[in-house]
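Working notes, structure below.
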Amino acid sequence: MSDEQERPFPNNEPEEETQKPTPPPNEEDEFGTVSLFDLMDEAGDEAPPETILLRPDLRPPRPITPPKIEEKREPEGDTAVPDQDAPTEPANDEQTLTIDLPGPDDEDTADLPPIQPQRKPAPLPLTPSKLKPFERPPVEDPDATEVSPDLAIPAPERPRSEQPTQIYQRDEPQKPAEPDPRTVMRPIREAPTQPRPRQEPAKRQPDQATQQKRPQQQPRRPQTQRPPAPPAGPVVVSKQAPKPRPKRQAPGRRNWGSCLVRGVVISLMLGVVGLALTAAGLAIGYRVIASDLPPVTELENRVSTFETARIYDRNGNELFSLADPNMGNRTRVSLDQISPYLIQATIATEDSRFYENFGFDTVAILRAVWQAAQEGEAVSGASTITQQVVRATLLDEDERTQRTFRRKVREIILAAEMYNTYDKDTILEIYLNEIYYGNLAYGIEAAAETYFNKSAADLTLAEASLLAGLPQSPASWDPYTAPQLAIGRQSEVLTLMASEQYISTAEAQAALNETNAFIYDMTPPVRDITFPHFTVTVLQQAEELLGAQSIYRGGLRIHTTLDPNAQRLAETTLANARPNINAAGANNAAMVVLEPNTGEILALVGSVDFDDEAISGQVNMALAPRQPGSTIKPFVYLSAMEQGWTPATLIWDVPTSFPNGANPPYEPKNYDNEFHGPLRLRPSLGNSYNIPAVKALEFVGVCNFIANVQKIGLTSLQDPGCVEQGAPRNYGLALSLGGGEISPLEMAGAFGVLANQGNFIAPFTIRRIENSAGEILFEEPAPDPAVTQVVRPAHAYLLSDILSDNSARQPEFGVNNTLVIPGHRVAAKTGTSGTDAFDVRDAWTIGYTPQVVTAVWVGNTNNEPIGQGQSGTRVASPIWNSFMSQYLANKQPVDFIRPSSVVDVEICSESGTRPGNDCTDRRIERFAEDQPPLSSEQDFIQAVQLDQWTGLRANEFCAE
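Spelled out as structure tokens, the structure:
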């Protein structure tokens, strides 16, 4: 940009300049530089619009010549700015001089050099602050602005309403520099070199050029007639300089601009009104929501408040009570008595911006809202450490378990007040001493003693990262009962610590390896808990419903689904079977018993001995995913039935090679290493043959099968490839033989769909939760058949009919097998996982009636192989039979409900079609009425003549 600029005229009109005598050299002008607009402003309404009033003492005795222009260059550094606000002398009543200004048609004009703009000195960079990141600068005046003492203060700027002061040069005019293309300027006309003669007012004639151009000039606002100034001498009136012709605008441009301006103005007005209404609404809402909030000053009085929570069975008998931890596992410590690793791990996991936020994290709240809107449910939490302290100490026990917008707002308000009342270290110290870490350990000191038998100050990185992950769900990530899940949670904590740069990636991996080495040898504390695995499962589900920290201090009453008789029978059955289990090369077993028409879990046993550390007895194997073996086959055939198969569909059990991409072909074999030729679906499932099941899965498709079984509760089977590419990535056809991993609880729920006429009800342990006043905080809703019907009743009945058909199990199981319960019609399926008879790892038996479903798993906790040749039939089915026989002993037999859509049709046993003329073996089979058997024309049976001597087909050379 050039050092000199042209000064734009205000109001889009040409400027009128006044001429005055040139002062003597080196003599200062008494009145300084005077602008024409300043003089016009001083004259006000006392002069007519055609007259320009000047002070009498400035009136020249002869025609005025244009003054010389003196160039004033800006000095380096600060620029002295003339006083723009200096008042001017008011005009007196003496004779007034009028100057004739040049018009636009004058030819004797010259360009004036542009006016130099005021330069603002560049501000100096501020000295970087040496304060700590979480400290505020100590200033006496909080509203003052801190600046550098060496910073140059720029001169004050002229207000927009004032006219700029023109600076004249005393030397000869210079050629103006090239204007900056970024600056929009209007040219300044220079005064004429020769003055015009004065004219008397009476002889004044309008200029012809002006008269010709007047119709094109912008209309002037009408002026009211003002009285003439009193004559103080001869007055000369100059002709009015014509205004420039306005540029013609393109059609519609003026309207669009006007509409745009109006739209912006209206939008701003509406925005202001909206903000005002929003502020008023927020103020009213704040008063309503925060009217009865407890003062944060009560924090210290409310800390460590505790009321015992109790767990009851379905009959109202108390199973377990959480005693007051103040009588046992609680030791308060200060922040400097806690390992720095634990503090860093807690902040990284729970509230990474703890020292920066104001008690609540706006970023986390917006992220949680966005994720909830995207997923349709809450995906991530947004509670800060301060909010968790508020919830655990200041909110009442009934409110802290609520998941409402009102509670969240009240929590945020209290968190902000706590931020203003207490320092961050105090809040963090309260949190670490109040939070629950599981196994009745309240506070970090008690947790360090419970899990590692040491003080919190001595925790290593591996130990601290393991404990820091527990508070969100201490029962689910319990290192004693779920070591693998605990390691997975610790991995998340270490990843967060590394992302916050507390530790390096190498340190995180080393800590994870260290934990993996000692976690399986940790000694659990001795607890006197009735039905421990079921109780721990209840606590886990309660944590998911109401929050981990709410259920341990609010005096809750948790009513469960537990049938104490069924639970005792299950525990006794497994304990009695332990010698046979060990003889089979296994060391553990689990059992789940549930009611199929309600989903209530009647009994749950996670190991043969909860207190046996040698088998990791506290690990709940009823919830551990394991390969289900052939127990998955009923659901493979269920998917095939949904695509048209029937119990009479013919499947060829012959050697078959299935393509397997770049790998060798997949060639499954049956358990007995035999092939059985053409088989109907009923005997194929009853005898649990492998090749027909693989062909059924190939017909259905792996991805379709996974989608179907997720509807019945087998959510552990997931393949990202099916979602992303429509093709499986993790599973192949071996999935039909139990290649995936599913927990016994999931399998029991899936078989419950078959027992409950195709309705899926997710298994649960909690009927309802009440607070200390008896108010219901949670209650399991009644199942809605419109929502739970995931399988056609006809298909569910047909599968139950096959699994309860003892004749369909032959020849593999024989007539007298352990899947039969005398006096009761029971559907059952066994399963064995492993590569072959020498590598058996899991043995299963799952059976049901319309009243009860029982799933039994046998194996090793560490997933090592059990004895060679073992199977679900040999190891698991005797345990299942023992329990079911005793449980059903005093109950009336109940048959499976047959839907009206199931019909009996005669078929040919060999082909599965309607019998033709050549069919010799016929039987009655059951079908869904809209899926009848194939017609006799598709029967492949033909009548041929045989040679009686050779048994071969007779030909023309055979005599007999």
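If you're matching positions, the sequence shown starts at 50 in our numbering and goes up one per residue. Just so you know, even glycine gets a beta-carbon here, dropped at the ideal spot from N, CA and C.
Quick check on residue i: does DSSP put it in helix, strand or coil?
i	result
GLY770	helix
LEU415	helix
GLU959	coil
ALA742	helix
HIS582	helix
ARG456	helix
ASP953	strand
VAL321	helix
ILE113	Legend: pLDDT at ILE113 = 42, less than 50; position of this residue unreliable, no value from coordinates given.
GLU828	strand
THR470	helix
PRO571	One detail in the question is off: residue 571 reads as Met in this sequence, not Pro. Coil at MET571, not helix or strand.
ASP577	coil
PRO228	No answer about PRO228 holds up, because its pLDDT of 49 lies below 50 and its placement is not dependable.
ASP507	helix
What are the boundary residues of the alpha helix (DSSP H) that residue i is part of?
i	result
MET690	682-690
ASP474	473-483
LEU545	532-548
TRP929	926-936
VAL438	434-442
For residue i, which of the options has the nearest alpha-carbon?
i	options	result
HIS873	PHE862, ARG890, ASP885, ASN855	ASN855
SER388	GLN676, GLY1000, LEU803, ASP507	ASP507
ALA559	LEU510, ARG538, LEU368	LEU510
ALA358	GLN767, ASN364, LEU371	LEU371
GLN616	THR584, GLU592, ASN779, ASN636	THR584
GLY908	TYR720, ALA892, GLN692	ALA892
SER665	ALA465, GLU790, LEU763, THR530	THR530
ILE552	PRO674, SER432, ALA394	ALA394
ARG459	GLN935, THR380, GLY408	GLY408
ASP888	THR879, TYR897, THR898, ILE915	ILE915
LEU746	GLN774, PHE724, PRO717	PRO717
ALA992	SER958, ALA624, ASP967, ASN779	ASP967
THR1016	GLN917, TYR404, ALA843, PHE369	Nothing in the structure corresponds to residue 1016, since the chain is present only between 50 and 1009.
Can you give the beta carbon distance from residue i to residue j, rounded, assuming they're within the 8 Å contact cut?
i	j	result
ILE700	LEU730	7 Å
ILE851	PRO696	6 Å
THR814	THR609	5 Å
ASN646	ASN805	5 Å
ALA513	LEU391	4 Å
GLN676	ARG455	GLN676 to ARG455, Cβ: 47 Å. No contact.
PRO769	VAL751	Not quite, the Cβ-Cβ distance comes to about 13 Å (not below 8 Å), so this is no contact.
VAL901	TYR936	7 Å
ASN808	THR837	4 Å
TYR715	ASN739	That belief does not hold up - the Cβ atoms of TYR715 and ASN739 are roughly 11 Å apart, past 8 Å.
ASN820	GLY604	7 Å
Is residue i close to chain C? Criterion is C-beta to C-beta, closer than 7 Å.
i	result
LEU852	Of the protein chains in the structure, only one exists, and it is not chain C.
Are residue i and residue j touching if we call contact CB-CB under 7 Å?
i	j	result
ALA671	GLY648	no
TYR846	ARG947	yes
VAL641	PRO793	yes
ARG858	GLY735	yes
CYS771	ILE791	no
TYR491	LEU519	no
LEU543	ALA566	no
GLU494	VAL382	yes
Where do the N-terminal and C-terminal ends of the beta strand (DSSP E) with residue i fall, by residue?
i	result
THR554	Careful: THR554 lies outside any beta strand (DSSP E), inside the alpha helix (DSSP H) at 554-567.
GLU367	367-371
TRP893	889-897
GLY908	902-908
GLY883	876-883
ARG729	726-729
ARG816	815-819
HIS1010	A query on residue 1010 cannot be resolved here, the shown segment of the chain reaching from 50 to 1009 and no further.
MET640	637-643
ALA358	358-361
PHE976	971-977
Would you say the beta carbon of residue i is closer than 6 Å to some non-hydrogen atom of the ligand ATP?
i	result
GLU494	Of ligands this structure carries none, so the ligand ATP is not represented either.
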